[in-house]
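The structure appears right after this line, and notes come after that.
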Amino acid sequence: MNETKTIKIDHLTRVEGHGNIDITIKDGQVQNCQWHVVEAPRFFEAMVRGRKWYETAHITSRICGICSIGHTLTSLKATEKAMGVVVSEQTRNMRKLLLHAENIQSHILHVGYLVLPDLLGAPSVIALSGSHRNEVMVVVRIHQLSNEMSDLIGGRTTHPQRPVVGGFAKWPTPVELKNLRKKLADGLADLDALVELVRANADRLPDFHRETEFIALSHPDEYAFYDGDIASTDGGKWPVEDYTRVSNEYMVPQSTAKFSKHNRDAYMVGALARLNNNYEQLSPKAKSVAGAFNLKPITCNPFMNSIAQIVEIAHNLEDSIGLIDKILFDGFIEEQARVTPKAGKAAASIEVPRGILFHEYEYDEAGVCTFANCVIPTNQNHGNIQKDFEGLVPQIKDWAREEIELTMEMLVRAYDPCISCSTHCIFI
Amino acid sequence: MTNAIAETSPYVPQWAEISRIEQLTNTEKLFELSLLNGRPLGHRPGQFIELSIMGIGEAPISVSSAPSERNTFELAIRKVGNVTSAVQNFKTGQRVGIRGPYGTSFPVEECRGKNILFVAGGIGLVPARSFIHYVLNHRNDYKDIIILFGARNPGERLFLKELEQWANRDDIRYLESVDRPDPNWTGNVGVITTLFPKFQVNPAETYCVVVGPPVMYRFVILEARAKGIPDNRIFVSLERRMKCGLGKCGHCQINDVYVCQDGPVFRYSDITDLKEAL
Amino acid sequence: MNLRIMDKGELKKFVQNLLAHYRVEGVVKNNGAYLYDTIDSPEQLCMDFDCTRYPPKKYFLPPRETLFHFSTSPELEVSPVFESPPQVIFGIHPYDLKAIAILDKVFSKDPPDPHYLKRREASFLIGVDPKRISPHSFWADMGAASVNEGFDLMFTDLEDSYAVEIGSASGETLISTYARTQPATGDEKSKRVTLRTNLYSKSLINGLDFPSYEIPKLLEHSKESPIWRENANKCLSCGACNFVCPTCYCFDVQDEMDLDLKQGTRYRKWDGCLLKDFAKVGSGENFRESRTARYRHRFYRKGLYQLDTLQDFACVGCGRCASACLADIADPVRVFKKLKQEYREGGK
Amino acid sequence: MMSKPRVAFFDFTGCEGCQLQVVNLEADLLGILDHIDIVSFREAMKEHSDNYDIAFVEGSITRRSDESRLKAIRKNTSTLIALGSCAAIGGINCLKNFFELDYVRETVYGEKATSYETYAARPLKAVVPVDYEIPGCPISRNEFIYVLKSLLLGKKPEIPNYPVCVECKLAGNVCAFERGMPCLGPITRAGCGAACIREGGACWGCRGLVDEPNTDSQREILAKYGLDLTDIFRKFRLYNGYSEVAK
Ligand SMILES: Cc1cc2nc3c(=O)[nH]c(=O)nc-3n(C[C@H](O)[C@H](O)[C@H](O)COP(=O)(O)OP(=O)(O)OC[C@H]3O[C@@H](n4cnc5c(N)ncnc54)[C@H](O)[C@@H]3O)c2cc1C
Ligand code: SF4
Ligand code: SF4
Ligand code: SF4
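Chains as they are written, first to last, in my numbering: chain A, 1 to 428; chain B, 429 to 706; chain C, 707 to 1054; chain D, 1055 to 1301.
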């Protein structure tokens, strides 16, 4: 084997944001194997300084269009905590519902639009829409449902306006919630079709295992999205306040983004990390989907992250139905959000589609932001992607160049990296 | 609310087919059309129609041909925006929508037996042409006819063949001028008012018809007055934004008049106190 | 005059019965403001309000209304759209009834506009006399404190009952089919008159300090008044004063193609003469280029230009424009009083 | 009419929310695909071509090295459309322009700061001529379809030149000021359907300013509703940091 294989992908496609893959294999030896993040830095933490308490969530929502709901809610939670604002049960439930909407939206986009073409051997979902119209329509319907759901609860599919510090600026009506409930039930049927389709092609997912630490929020009462403590599959629980000790950000030369490490030299966050930590709390439907793919904790194949996302979609749909029932049963009222700003500092965390997200803010007495820090899931994954590169490339170094290239692209895509967010993080 | 309400909408056009297209200049084309119902349009000189292209919109366009027994009529259209550009791509045999004719017309009857001084600037020749043709078709009904035409440059002169015919006729006087000549231009140079010293009129017997761009009116009217033509024998045709042509949408309103119904042709003495008119 | 009396408790039943047969639109309270909206229970209906933020004109001239559908392929075809949902509009103050009568004039004038007229024909108008007066209202000045026609039914709150005037045959049918009423006594009739008179005088408090018939003359005199420019300097060209006005009806017409690029609709949409490009034409010329010209135009339209067409002012004195204007310059009372003052001073 | 135009999507510094709106068109997107060929859309597809007629470009220009890529796009396309506020007006990225750049860099990246290239954020039109703009943070899906349909029909897409108040009134909203929320609607370009007011908030100004905004009057109104000068500038700068009002 005395040939040189160079794999250089600038601006990897079908991912959010810009990332490059750079691999050189010479005479059967891996010489270089790197994952670069090349997004232009945006400096959000600086940009919110000097801003009012009711503006921070609006601004940090713009960190990322795909996880804008998660950023908004995490930001609101941190601001509320800093100011000692306690939100109602109804607000919490409604926000959980909104978070489910985003999770479905993001996961189905990833699985259906970005990963499915790989599984079916097509270059894009646009090509698929010609060859597999019905399958694509299933994906479109679930995506549409999630969008309608974010429109209804958040006011918009992206950069929601309704959630505000202290609650919601506008509520859906009970009639609207009931209609949504009906559609969610239909969504579960569509999901079965998607599960079938993916299962029939799941053998295309590479069988690659690497011992990994998985970090996610965990909550005693539920499969954690909106609340919980930080948990690790290596064992241990930490309050959210201690997030910097978990995330340990550091800079690497090849990236505008920061990398993270905890117990080992990297860790993974996201759907698979949540499933590995909180499998028992998945909804019955979600568990049965997991069963269909034989997905159990602790699964160390990063390619299975996409499958974990499908499992979570089932959970999101089913749990949303439960939440709507609860909201309506508890007696829905149109609460007004009332907040008196005061000085304080706090961190909050939420599980967003790509994993655990932290926002921390400090405000002065006038409610002006004086400090901010956001630690984004994709950032926390970059180190792990790099480690997977180092683990996987030697195993497949003898394959044809195109095969290696495709597999490495699929690996990065499996993480569903949201690189646009990942470049706005700080730690001083 | 007692009268029966019509089942048809005054916003719905009828169809007309394009039977002939002539490129007038780089930006203007002449379209000959006939209504699908086979009837003549039934317009009077100076009136306009609403030209409709489905999906693009509507635009008010003057009927440029003289009323006639034939069922065809002509529109000359300058490309400025959506509708007027889209129509330029149409071919003969294609159909467009027509509403109207709408609006007031030139004083065909009142001028009978009198002299007429036509003053047309640029595309203003289009509506004036309808009246000019009418007068030329009934030449014996009118006395002295003077036509003044001004264009910004020679390339913007419309209806070249007709202009030449007019220039060669000895029963009318035709004078023209361009603001900016090109090297081949041998005629008069200057704004249209520079033509006024070149002729005499008998003010007691003369009507003046002025159509042109907004800036032109004030100066031409001063000249006409200077020749002694009274305000009540000066007629102008005004352009305004229009959305309905039915006197409702409000866009064409000048003080208390709606250009689409009370105009576009106005007797100057009726609008001297309309501050925004000219 | 046919005046009936309805017990207070009966109102609920009346509305309930109407709801069983019609779409009922009425005044509801929302975000601290009174708005016209669809009602689905009698409890939502508000009978005591000072002034709604928006007039009921949207029921006859919707903010956006389809005029026709068209198709360009395979055949060029057009089919007009007339929507005229039977509807009961419950709770219209006299000045708004007067404004509707003004719109009726505009849209039935030749050539009549069936899109408007059909909606109008399918609507029952139920008026109510105000009990409160918004701080900007001056309807008494504009001859709109009460109306004798232009409604099917007209309610007046007599404290322990409602007086209901029957204004049309369909009003008669509505009330006799869906409610129990008894004829008004002489006392009740005179109580109603007293209430209305009181209201009339109260409305004058915020109004003009001269009779409204002087407005046209004042305007004719005031083309060059400095007030136009001074106020227009603050104008946001937002058109709020146009859109909230019950007698403003200007519109724009646009085409919208469907995604197949073969079919589509032509629709009209509210437009306002205060908006910057309202009088702009394709060649780029704008016939009311300056804020001052646009600002002034509205007042002239209200007080002078429309007189011939409407035989009346195009303003009923609701004061909505004054409340809606953030720059606080749209109030006709303030402007007209100022003109009057200038006129007096100039006259000396 | 014409043969299927070739359409490409590109992005610079932004959150990709606007491209996401295009993906979110769902079934409509499939309808659109009957009329256009998408030849490049990194977020959604692997295929790429440099041969296109219409380029939708998202994001602001925030570093010198972006410029050449944008210029190349401009060269390749006959129609260049700024997609979203970052591209059209600079948008939220311009917030950083009000800090000393070194301060910004150090706040975020500490002593590593110098390895990150950045300069004052700017809209596309500051670098190349732009044919049309679809402002909004994020863009409105309806407006995107409207612009695309207009281009397909050979019509000039008209982005409203009146303020958000117009759409607010057409929607029958209760004014945000009346609800105690200072609003930028009176000077902000409409086209969103007064989205934020409808959802219980006030206008943040994300679509940029109308032509000839009456900013003096707007400033007075904000002051009347209790905002001091710092607050007012905070509002003006949130999305319009690149425009005159921010200065
Ligand atoms: C009474 C009258 C007669 C006219 N006669 C002719 C003629 O014979 N030949 C000719 O070439 N042009 C004529 N015009 C001008 C012509 O109507 C405009 O050029 C045309 O409306 C531009 O429409 P558009 O869709 O191409 O442009 P756009 O700019 O795309 O138009 C947008 C909209 O604005 C309105 N609008 C724009 N400009 C005008 C305008 N000048 N007048 C009225 N509405 C406008 C239209 O309703 C249109 O729907 C006449 C105008 C009037 C009022
Ligand atoms: S409401 Fe006031 S600011 Fe707005 S256009 Fe009217 S006068 Fe001008
Ligand atoms: S002009 Fe003002 S006061 Fe008069 S009717 Fe219109 S909104 Fe009411
Ligand atoms: S809420 Fe804002 S946009 Fe709406 S009318 Fe009031 S100021 Fe204008």
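Ideal placement from N, C-alpha and C gives every residue a C-beta, glycine not left out.
Item                                                                                                                                                                               : Value
Excluding the five sequence neighbours on either side, which residues of its own chain have a C-beta within less than 7 Å of the C-beta of I396 of chain A, listed in chain order? : I404 and T407
Would you mind giving the Cβ-Cβ distance between V515 of chain B and I505 of chain B, rounded to the nearest angstrom? I have them listed as a contact below 8 Å.                  : 6 Å
Please classify T900 of chain C as buried or exposed, where buried requires at least 16 neighbouring CB atoms within 10 angstroms.                                                 : exposed
I'd like to confirm something about G1226 of chain D: is its beta-carbon nearer than 8 Å to some heavy atom of ligand 2, or not?                                                   : no
Buried or exposed: K676 of chain B, going by 16 or more other Cβ atoms within 10 Å of its Cβ?                                                                                      : buried
Looking at S779 of chain C and K968 of chain C, is the spacing between their C-beta atoms short of 9 Å?                                                                            : yes
Which partner residues does I66 of chain A have in the DSSP bridge list?                                                                                                           : I66 of chain A is not bridged to any residue.
Below 8 Å on the Cβ atoms is my guess for R181 of chain A versus K170 of chain A; work out the distance and round it to an integer in Å.                                           : About 19 Å separates the two Cβ atoms, so there is no contact after all.
Under the criterion of a Cβ to heavy atom distance below 8 Å, does L1276 of chain D qualify as lining ligand 2?                                                                    : no
Using beta carbons (cut-off 9 Å, strictly below), is G1208 of chain D in contact with chain B?                                                                                     : yes
Identify which residue in D:A1300, D:K1125, D:N1227 and D:P1267 has its Cα closest to the Cα of Y760 of chain C.                                                                   : D:N1227
Could you check where the beta strand (DSSP E) with R523 of chain B kicks off and where it finishes?                                                                               : R523 to Y530
Using 8 Å as the threshold, is the stretch 540 to 550 of chain B in touch with the stretch 574 to 585 of chain B, meaning 3 or more CB pairs across them?                          : yes
From which residue to which residue does the alpha helix (DSSP H) around K1278 of chain D run?                                                                                     : T1269 to K1278
Using 9 Å as the threshold, is the C-beta distance between D234 of chain A and R264 of chain A below it?                                                                           : yes
Considering only their Cβ atoms, is the gap separating F168 of chain A from E335 of chain A smaller than 9 Å?                                                                      : yes
In chain order, what residues of the same chain lie with their CB nearer than 8 Å to the CB of T453 of chain B, ignoring the 5 residues before and after it?                       : G583, E584, R585 and L586
Using a Cβ-Cβ distance under 9 Å, would M47 of chain A count as near chain D?                                                                                                      : yes
Helix, strand or coil for K975 of chain C per DSSP?                                                                                                                                : strand
Chain C partners of G1085 of chain D, CB-CB under 8 Å?                                                                                                                             : L965 and D966
Taking DSSP as the reference, what is the three-state secondary structure of V311 of chain A?                                                                                      : helix
Looking only at its own chain, which residues have a Cβ that is under 8 Å from the Cβ of K1129 of chain D, when we skip the five neighbours before and after it?                   : none
If the cut-off is 7 Å on Cβ atoms, which residues from the stretch 773 to 789 of chain C count as contacting chain B, listed in chain order?                                       : L773, F774, F776, T778, L782, V784 and P786
Please return the same chain residues whose Cβ sits closer than 6 Å to the Cβ of H561 of chain B, not counting the five positions on each side in sequence.                        : A494
W35 of chain A lies in the beta strand (DSSP E); which residues open and close that run?                                                                                           : Q29 to V37
Can you give me the C-alpha to C-alpha distance between D1185 of chain D and E537 of chain B, rounded to a whole angstrom?                                                         : 51 Å
Starting from N147 of chain A, find everything on chain D with Cβ-Cβ shorter than 9 Å and list it in chain order.                                                                  : N1078 and E1080
When you compare each of D:R1233, D:C1148 and D:E1253 to G1262 of chain D by their alpha carbons, which one comes out closest?                                                     : D:C1148
M1099 of chain D to T772 of chain C, Cα distance in whole Å?                                                                                                                       : 38 Å
Can you find the residues in the same chain that come closer than 7 Å, C-beta to C-beta, to A556 of chain B, ignoring five residues on each side of it along the sequence?         : F546, A548, V637 and V639
Residue range of the alpha helix (DSSP H) that Q336 of chain A falls in?                                                                                                           : From DSSP, Q336 of chain A is part of no alpha helix (DSSP H); its letter is neither H nor E.
To the nearest angstrom, how far is the alpha carbon of L469 of chain B from that of Q442 of chain B?                                                                              : 11 Å
Is the CB of P1015 of chain D under 9 Å away from at least one CB in chain C?                                                                                                      : The question about residue 1015 of chain D has no answer here: the residues shown for chain D are numbered 1055 through 1301.
Keeping to the same chain, check which residues put their C-beta closer than 8 Å to that of V165 of chain A; ignore five residues upstream and five downstream.                    : W53, Y54, A57, L76, T79, E80, M83, V85, A337 and V339
I'd like to know whether the C-beta of Y955 of chain C is nearer than 9 Å to at least one C-beta of chain B.                                                                       : yes
Report, in whole angstroms, the separation of the C-beta atoms of D190 of chain A and V138 of chain A, which I expect to be a contact under 8 Å.                                   : 5 Å
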